[in-house]
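Taking this note's numbering, the leading residue of the sequence shown gets 2, the next gets one more, and so forth.
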Amino acid sequence: MSSHQPEDRVAERRSDRHHVVVIGSGFGGLFGTSALKRADVDVTMIAKTTHHLFQPLLYQVATGILSEGEIAPPTREILARQKNAQVLLGEVTGIDLEAQTVTSHVLGRETVHSYDSLIVAAGAGQSYFGNDHFAVYAPGMKSIDDALELRGRIFGAFELAELGASRGENVDHLLTFVVVGAGPTGVEMAGQIAELAHRTLKRDFRAINTRTARVVLVDAAPQVLPPFGARLGDWTKRGLERLGVEVMLGAMVTDVDERGLTVKFKDDRVERVDAVTKVWAAGVQASPLARTLAEQTGAPLDRSGRIGVNPDLTLPGHPEVFVVGDMISLDNLPGVAQVAIQGAKYAAKEIQGRLHGKPAQKPFKYFDKGSMATISRFKAVAVIGKVRLTGFVAWLMWLAVHLVYITGFKNRVSALGHWFVSFLGRGRSERTATEQQIFARTALAMLDRGATDLVSAPGEYDAAAELARREELEANAAEEVRLTDSHVRGVKV
Ligand SMILES: Cc1cc2nc3c(=O)[nH]c(=O)nc-3n(C[C@H](O)[C@H](O)[C@H](O)COP(=O)(O)OP(=O)(O)OC[C@H]3O[C@@H](n4cnc5c(N)ncnc54)[C@H](O)[C@@H]3O)c2cc1C
């Protein structure tokens with residue numbers, strides 16, 4: 002590993018205009034940037050992925066219904082027509098509120114960006130409630146990497162079961178799938194794995210009967226979908242059970258390993274479930290940037306690491322910094338897309354208003370447009386204000402809402418085509434999974450500096466040294482050949 006430390010590079014401002022830096026290309030980042038389209042400002046969006054991810058449909062990528070491109074279009078393409086916006090790849094590692102700078106990294110390149118206004122929308126990651134080592138055995142559902150890894154593991158488990166059964170082995174642990182967390186993501190995931198096993202794959206294998214697969218949904222809470230209320234929770238539980246999902250409630254996961262997991266019930270009963278494929282859809286932890294901001298402002302952090310913000314979404318003592326979406330703790334707002342979208346639009350409007358000398362807006366008020374979750378094809382639950390919907394009507398609503406929110410016309414058309422294949426037919430268009438998708442993340446984690454170890458940082462590449470190294474390697478190889486050919490080492494062929 003090189004000891005070379007890359008120099009800080011300060012990004013040049015594009016003009017004298019007010020400069021807004023936006024961190025994140027998720028719902029908050031994208032909608033905040035778009036809302037500044039007509040403003041007399043330059044916007045720099047910095048995000049650690051090059052795409053805008055539509056997280057609510059990740060489970061469909063994991064279960065082979067949609068392709069990753071359909072739910073994660075390039076942010077650069079979405080914003081191509083917005084002339085005042087520049088998109089930069091980079092993981093933000095530091096925010097200096099006094100100096101008004103943001104520092105980002107990508108593969109050893111460090112860049113410092115100055116700002117006049119800042120919108121922080123870095124979202125949240127998976128929480129394993131202090132048991133981060135579970136992640137290796139039970140990936141979460143937060144990124145495209147997660148979804149593709151899970152796709153590989155789910156379809157791979159059926160493959161290994163077919164092989165094992167052909168050799169006369171017991172494959173129950175391969176045909177058991179456990180989803181931890183009975184919120185909307187866990188319910189949708191469990192429902193889709195059950196449909197996959199009982200419907201999609203039932204004719205594809207010879208040695209195993211995929212319909213005997215066991216799908217288990219585990220949660221420490223006493224009901225599924227707690228925010229939807231007891232009646233819809235109960236309806237959903239019965240719907241899942243009819244699909245063949247085993248619902249284990251009041252069951253806390255105490256250990257996860259390669260071959261399965263252990264759960265402990267309220268009455269202290271302990272049960273072991275042998276399952277190679279586990280999915281973690283249980284908890285969230287706000288971006289570590291929330292802590293950076295809290296340390297500099299004294300703003301409180303809640304148990305999920307979310308930062309307490311002022312009623313206008315700014316940080317105490319820093320009216321130029323807005324924090325939106327999953328990172329904030331304000332009035333018990335839920336971690337949903339609409340909170341991020343509405344918060345980001347509010348921040349963008351405030352920035353524009355200030356430039357025009359307008360008085361400050363009223364405090365941010367979230368307008369709840371409702372929540373929904375699908376159980377299986379044609380079956381969903383929805384809550385809109387006081388209205389509770391179940392079954393086909395709720396599913397049609399789910400379909401319409403998701404079609405509207407998927408980004409880009411071509412993605413909408415192709416998602417609709419894939420849904421047609423999966424829901425009216427039995428097929429799944431996106432079953433491709435490679436070994437690399439399943440194992441490359443672990444391989445990268447074994448490198449000291451991750452992907453950075455695979456590329457040279459700027460200024461690190463020394464052509465003369467590289468040539469000398471190559472000559473030395475060639476000389477060594479020639480010497481090896483000579484030793485082998487002269488019988489000093491090995492056998493002469
Ligand atoms: C599986 C799943 C299903 C969901 N289903 C629903 C649903 O059905 N309905 C609903 O309303 N909500 C749903 N949600 C929640 C919803 O997706 C989030 O509330 C929403 O995405 C929050 O938006 P955000 O902008 O705060 O964060 P995100 O959308 O998560 O965006 C965060 C962005 O910040 C970037 N980023 C993070 N850290 C850094 C860094 N250090 N430097 C640079 N960039 C960084 C990320 O790459 C990303 O672009 C779901 C979430 C998940 C995970």
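C-beta: ideal position from N, C-alpha, C; glycine also.
- Set against 7 Å, the gap from the CB of P140 to the closest heavy atom of ligand 1 is not smaller.
- For the set F28, L149, L59, the Cα lying nearest the Cα of T435 is the one of L149.
- Here the C-alpha atom of E480 lies approximately 33 Å from the C-alpha atom of A444.
- Taking 8 Å as the cut-off, the Cβ atoms of V285 and S305 count as close.
- With fewer than three CB-CB distances shorter than 8 Å, the stretch 197–207 does not count as touching the stretch 301–316.
- For A361, the shortest separation between its Cβ and any heavy atom of ligand 1 does not lie below 7 Å.
- For I24, the shortest separation between its Cβ and any heavy atom of ligand 1 lies below 7 Å.
- For the pair of segments examined, the stretch 207–216 was found to touch the stretch 192–199: the number of CB pairs separated by less than 8 Å reaches three.
- For D258, the CB stays at least 7 Å from every heavy atom of ligand 1.
- Shown here, M447 sits in coil according to DSSP, grouped into three states, outside any helix or strand.
- When distances are taken from the beta-carbon of K143 to the heavy atoms of ligand 1, the shortest one is below 7 Å.
- In this structure, V23 is the residue among V23, G157, S35 with its C-alpha nearest to the C-alpha of V103.
- Taken through DSSP and simplified to helix, strand or coil, M328 comes out as helix.
- Setting aside the 5 residues that flank it on each side, T201 is surrounded in the same chain by R427, R429, each with a C-beta closer than 6 Å to its C-beta; the list follows chain order.
- In the displayed model, L334 falls within coil according to three-state DSSP, outside both helix and strand.
- The alpha-carbon of G65 is positioned some 15 Å away from that of P57.
- Around the beta carbon of S16, fewer than 16 other beta carbons sit within 10 angstroms, so the residue counts as exposed.
- Distance from L218 to L241 at the Cβ level is roughly 6 Å; contact confirmed, criterion being Cβ atoms closer than 8 Å.
- Between the C-alpha atoms of A81 and H53 there is a straight-line separation of about 13 Å.
- With a threshold of 7 Å, the Cβ atom of L397 does not count as near ligand 1, since no heavy atom of the ligand is closer than that.
- Inclusion of Q127 and W281 in the CB contact set at 8 Å is warranted, their separation being smaller than that value.
- In terms of side-chain proximity, the C-beta atom of S288 is found nearer than 7 Å to a non-hydrogen atom of ligand 1.
- Assigned with DSSP and collapsed to three states, D256 falls in strand.
- In the displayed model, D220 falls within a strand according to three-state DSSP.
- DSSP places K346 within a helical segment (H, G or I) once states are collapsed to three.
- Secondary structure of R427 (DSSP, three-state): coil.
- Within 10 angstroms of the beta-carbon of S144 lie 16 or more other beta-carbons, which makes it buried.
- Relative to the Cα of N171, the nearest Cα in the group A276, E111, V44, V246 belongs to A276.
- Residue environment: D41 is assigned as exposed (fewer than 16 neighbouring CB atoms within 10 Å of its CB, all protein chains considered).
- Straight-line spacing of the CA atoms in P140 and K279 works out to 7 Å.
- Short note on M46: C-beta not closer than 7 Å to any heavy atom of ligand 1.
- A heavy atom of ligand 1 is found nearer than 7 Å to the CB of E92.
- Using a C-beta cut-off of 8 Å, the stretch 320–337 makes contact with the stretch 286–295, since at least three inter-stretch Cβ pairs fall below that distance.
- DSSP, reduced to helix, strand and coil, places F229 within a helical segment of the structure shown.
- If you draw a straight line from the Cα of R450 to the Cα of V337, it comes to about 33 Å.
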